[in-house]
Amino acid sequence: MAENPQQVLDFLTDLAKRARPQGEKELAQLRAFAKAEFGVDELQPWDIAYYSEKQKQHLYSISDEQAASVLPRKQSG
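What follows is the structure, encoded as structure tokens:
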């Protein structure tokens, strides 16, 4: 448990630094996929969810809807 707000900020800053290279790598792969498969030269922020879903379908032959139909649903409450 964090003892003060600064520890939380330090943790989140460190986490962001460590996660950034992987995020940049995945974004570069998504850009390459969108260009190769759909001719998209530049991804806009609002395009990322759409092309991420298309990439997932391409790589794994499954969509979010198909995955949701076989995975257990989280119970509320």
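Residue 15 in full-length UniProt numbering sits at position 15 of the sequence shown, with consecutive numbering throughout. We put the CB at the ideal spot given by N, CA and C, even for glycine.
Asked	Found
Per-residue DSSP class, three states only, for Gln22	helix
Helix, strand or coil at Ile48 [DSSP, three-state]	helix
Through-space distance from Leu12 to Glu3, alpha-carbon basis	14 Å
Buried versus exposed, by CB contacts within 10 Å (16 or more), Ala34	buried
DSSP state of Leu30 mapped onto helix, strand, coil	helix
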